[in-house]
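My numbering numbers the first residue of the sequence shown as 1203 and each following residue consecutively.
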Amino acid sequence: GSYTHFREIYVQEDLEVGRSVKSIGIFDEQHIALSGDNKYLFYTRPGNCCIGARLISGDNFSKTPSSCHDASVYALATSVDGKLLLSGSSGKIMKLWDTQKSKVVDIVHSTTTYECTRTFEGQHSGGVTAVALSNNGMLAVSGSSNRYVIVWDVETGEPLWEFAGHGGTILSVKFSPDDKYVISSATDRSIRIWNIETGHWTSFITSGDNQQWLVFNSEGYWDASPNGGDFVAMVNGVETWNIDQFAVKN
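Below, the structure is given as structure tokens:
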């Protein structure tokens, strides 16, 4: 989900035309997620423990059940088929909700909530700041303020891999289309690509204040902007060399 405060959310109906055809007045939202079937818009408010939801129907946005954590919700993601909603909170846990099932929790106010089918917990030592579901729905991934990225088994709720390497809070996570890799970004201005089958990183991308960038992979190959080589040096004992002098000249 996004991490921007919204005064009004526009629903893009035709990407080729680039035409915003619907809008909804949800104030000061911090995170939003659109279901894979484009039927539901999920959102949270800053510091709120509950997830709001709207069913996009014709020209109207109908309210649907809300679901709650015991702590502020930091991240949202939906499954490709739109049937599952994944949320992460400052309480260091993730919850998986079945958007096809709901139950009444307050008869007086007719309040309903989605059914929580799985809770992922016990691994993060910081708030969960980014979440995603794999395209086949079998895996989940989370990132947190403790700088770790964790891949989970959706069926059992058990962690499969814990990826370490970022130097700041995880901002976003995403599965590759074939579900073989996880991509993560963090406040340390880096992007890492992780191999789910081996449990190791494969590529690393970083940038600096001067708009220079550097990318390299686990095999030692790299590329950079004109001055991006300044990010890397080769060290042998007390001797240091700028890596640019070893670059292949085209």
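A virtual CB, placed ideally from N, CA and C, is assigned to each residue, including glycine.
Could you pull the start and end residues of the beta strand (DSSP E) that Asp1355 belongs to?
Working through the sequence shown from its first residue, we reach residue 1355 at position 153. From DSSP, the beta strand (DSSP E) with Asp1355 extends over Val1351 to Asp1355.
Kindly indicate which three-state DSSP category Ile1253 falls into: helix, strand or coil?
To locate residue 1253, count along the sequence shown from 1; it is residue 51. If DSSP states are grouped into helix, strand and coil, Ile1253 belongs with the strands.
Within 10 Å of its beta-carbon, does His1271 have 16 or more other beta-carbons around it, so buried, or fewer, so exposed?
Translated into positions along the sequence shown, residue 1271 becomes position 69. The residue in question, His1271, is buried, as its Cβ has 16 or more Cβ neighbours within 10 Å.
Taking the alpha-carbon positions, what's the Leu1362 to Ile1352 distance?
Sequence index remark: in the sequence shown, residue 1362 carries index 160 (1-based). Sequence index remark: in the sequence shown, residue 1352 carries index 150 (1-based). Looking at the two C-alpha atoms, the distance is approximately 7 Å.
Quick one: residues in its chain with C-beta nearer than 7 Å to the C-beta of His1311, no 5 flanking neighbours on either side, listed in chain order?
By 1-based counting over the sequence shown, the position of residue 1311 is 109. Here His1311 scores only 46 on pLDDT, less than 50, and its place in the model is too uncertain to base an answer on.
Reduced DSSP secondary structure (H/G/I, E/B, other) of Gly1293
The residue labelled residue 1293 in the question sits at position 91 within the sequence shown. DSSP places Gly1293 in coil when its eight states are reduced to three.
Expected contact under 8 Å - CB spacing of Ser1494 and Thr1404 to nearest Å
Outside the displayed span of the chain (1203 to 1452) sits residue 1494, for which this structure offers no information.
Going by DSSP, what residues sit across from Arg1320 in a beta bridge?
To locate residue 1320, count along the sequence shown from 1; it is residue 118. Leu1298.
Per DSSP, cross-strand counterpart(s) of Tyr1245:
To locate residue 1245, count along the sequence shown from 1; it is residue 43. Beta-bridge pairing links Tyr1245 to Ile1234 and Gly1254.
Runs of 3 residues minimum, wholly inside the region 1353-1386: which ones carry the beta strand (DSSP E) assignment?
1361-1365 and 1372-1377
Given Ala1334 as reference, the closest of Asp1355, Lys1303 and Gly1324 once Cα atoms are compared
Counting from 1 along the sequence shown, the entry for residue 1334 is found at position 132. When each option's Cα is compared against that of Ala1334, the closest is Asp1355.
Run the CB neighbour count on Tyr1350, radius 10 Å, all protein chains shown included, and call it buried at 16 or more, exposed below.
Indexing the sequence shown from 1 puts residue 1350 at position 148. Buried is the call here.
Comparing C-alpha positions only, which one of Val1282, Gly1369, Asn1240 and Thr1358 sits nearest to Asp1381?
For the purposes of this step, residue 1381 is taken as the residue at position 179 of the sequence shown. Per the Cα distances, Val1282.
Quick check: the Cα distance between Arg1221 and Tyr1242, rounded to an integer number of angstroms?
In the sequence shown, counting from the first residue as 1, residue 1221 sits at position 19. In the sequence shown, counting from the first residue as 1, residue 1242 sits at position 40. Residue placement at Arg1221 is flagged as unreliable, the pLDDT there being 44, under the threshold of 50; the coordinate-derived value follows with that caveat. Their backbone Cα atoms lie some 19 Å apart in a straight line.
Below 8 Å on the Cβ atoms is my contact criterion, and I expect Gly1345 with Ala1366 to pass it. Report the Cβ-Cβ distance as a whole number of Å.
Here the question's residue 1345 lines up with position 143 in the sequence shown. Here the question's residue 1366 lines up with position 164 in the sequence shown. Not quite, the Cβ-Cβ distance comes to about 11 Å (not below 8 Å), so this is no contact.
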